[in-house]
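Notes follow once the structure below has been shown.
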Amino acid sequence: MQNALNEPQTIVLLGGTSEIGRAIVDELLSVSTQTLVLACRRPDEAQPERFAADGLHVAVEYFDAAATETHDGFVRKLAAEHGDIDIAIVAFGVLGVQSQFDDDPHAAAQAVHVNYTGAVSTSLAIAAQMRRQGHGQIAVLSSVAGERARAGNFVYGSSKAGLDAFAQGLGDSLAGSGVKVTVIRPGFVHSRMTRGLKSAPLATTPRVVGELAAAGIRKGKHTVWTPGVLRYVFMVLRHVPRPIFRRLPLG
Ligand SMILES: NC(=O)c1ccc[n+]([C@@H]2O[C@H](COP(=O)([O-])OP(=O)(O)OC[C@H]3O[C@@H](n4cnc5c(N)ncnc54)[C@H](OP(=O)(O)O)[C@@H]3O)[C@@H](O)[C@H]2O)c1
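When we follow this note's numbering, the leftmost residue of the sequence shown carries the number 289, and every step to the right adds one.
Laid out in structure tokens, this is it:
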């Protein structure tokens, strides 16, 4: 249960090694937090000691976003072992390489499965648990790539467009239930996911995304753009004619 200052007692990070997810956790942790669950497909890489603090139990659980048939049972097990989930952060995702997807449709489908289908099934399982509790908040890592698909990463962008629409609808469906959904829409972030790629305009860091996302989560916002100015940039970009849009140097 979150206290009067909106400080969570239990946080679950799905995609427990995500640099952005971990930066959000850093900002959400407080002396009130009793349990942090790092849910990852490679538990050996979770480094739970990085979050060590007095009174905080850090658990590492095996979780595969692609194994949708396991998600409901996984969330029920989390609640049975760790109690009510106050905040769940859906941070897993794969970027992939568009030129490889062009020649390997199965790999493209697998990436979409993790980013979209896996996030749908995980979020629905968490939402059901939070409805049973009568409270909770789900933060979903979308992307500005879903605002308008680009030729350079349209498989990834389309998966995030689907996820973003899903998360908005989920949030609206939960209105009045005590459960909230916050959609986080970062631009280009210098994390493991983008290492070696050419930076894009208004690029930022996991720490900045963590600060803005956590502030938005605390306020119960339905959408957080990181950085905030991207909201206005995309208001314009959404309406730029296609022949011009495809020539823009957006990274
Ligand atoms: N970086 C950016 O520019 C950017 C911009 C906008 C949105 N985002 C989104 O923000 C989220 C976090 O990205 P990040 O930058 O923090 O990248 P990251 O450090 O590479 O994190 C991605 C996470 O997804 C996990 N993952 C991938 N496939 C999985 C699966 N099948 N099951 C469970 N976990 C899986 C990875 O686990 P492993 O450690 O096992 O690989 C990793 O923990 C992603 O959803 C991403 O799409 C990122």
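Using N, Cα and C, we set each Cβ at its ideal position, and we do this for glycine too.
- Remark: C-beta atoms of I375 and A427 approach each other more closely than 9 Å.
- From the listed residues R473, G422, P531 and M523, the smallest Cα separation to V378 is found for R473.
- In this structure, ligand 1 has a non-hydrogen atom nearer than 8 Å to the beta-carbon of L383.
- V382 and V400 have their C-alpha atoms roughly 8 Å apart.
- For T305, the CB contacts under 7 Å within the same chain, skipping 5 residues up- and downstream, are C328, R330, E333 and A334 in chain order.
- As a beta-bridge residue in DSSP terms, A376 pairs with V300 and I426.
- Taking V385 as reference, the option from G445, P489 and R506 with the minimal CA-CA separation is G445.
- Remark: three or more beta-carbon pairs, one from each stretch, lie closer than 8 Å, so the stretch 429-444 and the stretch 397-412 are flagged as touching.
- Boundaries for R526: no beta strand (DSSP E) harbours it, and the DSSP string shows neither H nor E there.
- The beta carbon of R495 sits closer than 6 Å to the beta carbons of A311 from its chain, once the five residues preceding and following it are set aside; these are given in chain order.
- Contact annotation, G361 with T298: C-beta distance approximately 18 Å; criterion of less than 8 Å not satisfied.
- About 6 Å separates the beta carbon of L458 from that of S411, a gap short enough to meet the 8 Å contact definition.
- C-alpha of L500 to C-alpha of G516: approximately 8 Å in a straight line.
- Within the same chain, G424 and V467 come within 6 Å of M418 by CB-CB distance, once the 5 residues on both sides are set aside.
- The C-beta separation of V471 from S430 comes to about 5 Å, placing the pair in contact by the 8 Å criterion.
- Positions of the beta strand (DSSP E) runs, each at least 3 residues long and wholly inside the stretch 449-526, are given as 467-474 and 511-514 in order along the chain.
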